[in-house]
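Engineer:
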Amino acid sequence: MSLRSSLYAQRRPLLMVMALLGTGFLTVSLLGYYAAHASARESLLKTLYANLLIGLLVTLAALWIFYRLLNQYQRRIDAQATLDSLTELPNRRGFNLLAVQALHEAQREPRPLTAVLLELDDFKQLESIHGHIACDQLLSGFARDLTQSLRHSDIVCRWSTDAFVVLLKDTDGQTGLKIAEKVRQHMEKQRYFCSGKQLLVTVSIGLTTVQDEDTLHSLLSRTDHALQRARQTGRNRTCVEMPHSSYE
Numbered sequence: 004m005s006l007r008s009s010l011y012a013q014r015r016p017l018l019m020v021m022a023l024l025g026t027g028f029l030t031v032s033l034l035g036y037y038a039a040h041a042s043a044r045e046s047l048l049k050t051l052y053a054n055l056l057i058g059l060l061v062t063l064a065a066l067w068i069f070y071r072l073l074n075q076y077q078r079r080i081d082a083q084a085t086l087d088s089l090t091e092l093p094n095r096r097g098f099n100l101l102a103v104q105a106l107h108e109a110q111r112e113p114r115p116l117t118a119v120l121l122e123l124d125d126f127k128q129l130e131s132i133h134g135h136i137a138c139d140q141l142l143s144g145f146a147r148d149l150t151q152s153l154r155h156s157d158i159v160c161r162w163s164t165d166a167f168v169v170l171l172k173d174t175d176g177q178t179g180l181k182i183a184e185k186v187r188q189h190m191e192k193q194r195y196f197c198s199g200k201q202l203l204v205t206v207s208i209g210l211t212t213v214q215d216e217d218t219l220h221s222l223l224s225r226t227d228h229a230l231q232r233a234r235q236t237g238r239n240r241t242c243v244e245m246p247h248s249s250y251e
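The structure is reproduced here in structure tokens:
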């Protein structure tokens, strides 16, 4: 069961309790009214109406506060479930939600869409030399620079510990390759000062473009194959892979 489903499931018992309280309040008031002497009923009736009005207002206010708090809590839970806490980028779950929609739009229109998978070179070696804290700061700075080097409409997510995935909307393969190379060269020049240490980083990049028959799995599989070739041929480079053909 998803977090969203579990939160919605909590509403039913709470609403039932509030409904029972309201029903009980109304029942007690009515019983008191009919048990009263006839001469006192007129004044009691006015009191009853006033109590019912007050009870209704209190119940409505409680319901409004309850829904506000529950919705705020739900939004926080949803954000935590789809965002990476270190980089504040969407995580894999968040990426899947965004990517499925982007892929559907690209194939329906149709419109070009380029997928890019970036991996920091020799990250495990950097981590063993400089430690986890410094490398966490490196990843945070890298994610910030990567996001700033792209358009607001592009989808940028953290894919794994040292990898990021990007979907370039309305971008064909040639333009996507130019953007990927621009990003790679930009990252190569960056200097990250983490825990008093200066860290340099390069990235290997795999790239492909969406095809009519693509699923999200097939699209990402090609970017991963292209990334593997970039690793195997020396790192710090961009490789492209298309269905039934590949080139560097």
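For the sequence shown, the working numbering gives the first residue as 4, with consecutive numbering after it.
The C-beta atom is built at its ideal place from N, Cα and C for all residues, glycine as well.
What you are looking at is a predicted structure, and each value in this text was computed from that prediction instead of being measured.
#1: Could you tell me which whole alpha helix (DSSP H) segments of length 4 or greater appear in the segment 77-158?
#2: Can you pull the DSSP bridge partners for Val169?
#3: How should Thr226 be labelled, buried or exposed, when 16 other C-beta atoms within 10 angstroms of its C-beta is the threshold for buried?
#4: Quick one: what's got a C-beta closer than 8 Å to Leu2's C-beta in the same chain, skipping five residues either side?
#5: Is there contact between the segment 135-142 and the segment 62-70, where contact requires at least three CB pairs shorter than 8 Å?
#6: Identify whether Ser207 lies in helix, strand or coil by the three-state DSSP scheme.
#7: Pull up the CB-CB distance for Val169 and Asp157, whole angstroms please, since I reckon it's below 8 Å.
#8: Less than 9 Å between the C-beta atoms of Glu122 and Ala84, yes or no?
#9: Mind checking Gly199: buried by the 16 CB within 10 Å criterion, or exposed?
#10: Given a cut-off of 9 Å, decide if Val159 and Leu63 are closer than it, judged by their beta-carbon atoms.
#11: Shortest alpha-carbon distance to Thr150 belongs to which of Thr90, Val213, Gln104 and Phe126?
#12: Of the residues Thr212, Phe196 and Pro246, which one's Cα is nearest the Cα of Leu106?
#13: Under three-state DSSP, which class holds Val243?
#14: Measure how close the beta-carbons of Leu202 and Leu141 come, nearest whole angstrom, since I'm counting them as under 8 Å.
#15: Among the candidates Pro246, Thr218, Ser207 and Leu222, whose CA atom is the shortest distance from the CA of Gly237?
#16: For the beta strand (DSSP E) that Gln201 lies in, which residues bound it at each end?
#17: Under the three-state reduction of DSSP, which class applies to Thr212: helix, strand or coil?
#18: Which term fits Thr164, buried or exposed, when burial requires 16 or more other beta carbons within 10 angstroms of its beta carbon?
#19: Do you know how far the Cα of Lys172 is from the Cα of His155?
#20: Just confirm the distance between the C-beta atoms of His189 and Ser131, as a whole number of angstroms; I'd bet it's less than 8 Å.
#21: Just the C-alpha distance for Val103 and Asp87, rounded to the nearest angstrom, thanks.
#22: For Asp227, report the span of its alpha helix (DSSP H) as first-last.
Structural biologist: Taking the definition as stated:
#1: 95-111, 126-133 and 135-151
#2: Val119 and Val159
#3: buried
#4: Nothing in the structure corresponds to residue 2, since the chain is present only between 4 and 251.
#5: no
#6: strand
#7: 6 Å
#8: No, they are not a contact pair.
#9: Looking at its Cβ environment, which holds fewer than 16 other Cβ atoms inside 10 Å, Gly199 is exposed.
#10: no
#11: Thr90
#12: Thr212
#13: Secondary structure at Val243: strand, using DSSP grouped into helix, strand and coil.
#14: Under the criterion of beta carbons closer than 8 Å, Leu202 and Leu141 qualify as touching, at roughly 5 Å.
#15: Nearest option by C-alpha distance: Ser207.
#16: Bounds of the beta strand (DSSP E) holding Gln201 are Lys200 to Leu202.
#17: Thr212 falls in the strand class under three-state DSSP.
#18: exposed
#19: 10 Å
#20: The Cβ separation is near 26 Å, so there is no contact.
#21: 19 Å
#22: Boundaries of the alpha helix (DSSP H) around Asp227: Leu219 to Gln235.
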